[in-house]
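Respectively, the protein sequence lines represent chains A and B.
If you want the numbering used here, it's the 1-based position in the first sequence plus 486.
If you want the numbering used here, it's the 1-based position in the second sequence plus 86.
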Amino acid sequence: EAGVVQSPRYKIIEKKQPVAFWCNPISGHNTLYWYLQNLGQGPELLIRYENEEAVDDSQLPKDRFSAERLKGVDSTLKIQPAELGDSAVYLCASSLGSYEQFFGPGTRLTVL
Amino acid sequence: AQSVTQLDSQVPVFEEAPVELRCNYSSSVSVYLFWYVQYPNQGLQLLLKYLSGSTLVESINGFEAEFNKSQTSFHLRKPSVHISDTAEYFCAVSSGAGSYQLTFGKGTKLSVIP
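Structure follows, in structure tokens:
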């Protein structure tokens, strides 16, 4: 069974540029999560989807971050414009039900 | 609100020695507890979990953790570590069945010294 797929694995951009991350969850998993992991920290939830509906986006900085999950499968997280402080690893996870989340390899973003 | 404290940010240990990574949590309700492992440049992998039943849970690669409700702890142990165990370990808590919110600790970097 394929795991959670994320792309790109690494991204380097200049500040004020836009950037997008893509996630394909495990087949059949209706719940999808985006996490932010800063250096030396544990992951922090940005947004959770149930199918195509964002049910918890309270931690998503909506002035510059946006996300979508069309058709309840793949998801895209976008930052526009990026700031220096956005440099981090962006993790996608999926689950079937509530108790076990499976994580992708992450996208490491560097903003110069 | 729930929180997780991992008391050690870094733990160096010699190969074949035992190790304990400490985790304490706070929560006002019953909890599910998890340990995740993150190898360099990789995502998190579930190592083991406590949902209910026996308070001692084991992984397939020799790690074990014990849920101690009175001390609100879920320490991770291994009697003999290998070089390949070098990684970062994250303790996480959720508020039981039906809860999707997973709160992570800051992680403990385990370095196994040959």
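From the three backbone atoms N, C-alpha and C, an ideal C-beta is built for every residue, glycine too.
Residue-level contact check: B:G129 touches chain A, since one or more beta carbons of chain A fall below 8 Å from its beta carbon.
Close to B:K192, with beta-carbon spacing below 8 Å, are these residues of chain A in chain order: G526, Q527 and G528.
Of all residues in the region 159–180 of chain B, those with a C-beta nearer than 8 Å to a C-beta of chain A are F176, A178 and S180, reading in chain order. Straight-line measurement puts the Cα of A:Q527 at about 12 Å from the Cα of B:C177. Counting every other CB atom within 10 Å of its CB across the protein chains shown gives B:L162 a total of 16 or more, marking it as buried. When only Cα atoms are considered, B:V167 and B:N110 end up about 22 Å apart. For B:Y111, the nearest beta carbon of chain A is not closer than 8 Å to its own beta carbon. In this structure, B:Q157 is the residue among B:A103, B:L130, B:T91 and B:Q157 with its C-alpha nearest to the C-alpha of B:T141.
At a cut-off of 8 Å between beta-carbon atoms, B:L107 makes no contact with chain A. Residue burial is scored here from C-beta neighbours: A:Q523 has at least 16 other C-beta atoms within 10 angstroms and is therefore classed as buried.
Under the 8 Å criterion on CB atoms, B:L134 is classed as non-interfacial with respect to chain A. Distance from B:T189 to B:V97 at the Cβ level is roughly 21 Å; contact not present, criterion being Cβ atoms closer than 8 Å. The C-beta separation of A:S581 from A:T517 comes to about 5 Å, placing the pair in contact by the 8 Å criterion.
Taking a Cβ-Cβ threshold of 9 Å, none of the residues of chain A is close to B:Y125; the smallest such distance is about 10 Å. A:E538 and A:F507 have their C-alpha atoms some 17 Å from each other. Inclusion of A:A568 and A:V505 in the CB contact set at 8 Å is warranted, their separation being smaller than that value.
Within 8 Å of the CB of A:F589, the CB atoms of chain B belong to Y122, G129, L130 and Q131, in sequence order along the chain. Here DSSP, grouped into helix, strand and coil, assigns B:K195 to strand. If you compare the alpha carbons of B:Y118, B:S114, B:E101 and B:P104 with that of A:Q587, the shortest gap goes to B:Y118.
If the five residues before and after B:V198 are omitted, its C-beta is found closer than 7 Å to the C-beta atoms of V99, E101, V167, H168, I169, D171 and T172, all from its own chain and listed in chain order. Here the C-alpha atom of A:A540 lies approximately 27 Å from the C-alpha atom of A:L570.
A:S544 counts as exposed, since fewer than 16 other beta carbons sit within 10 angstroms of its beta carbon.
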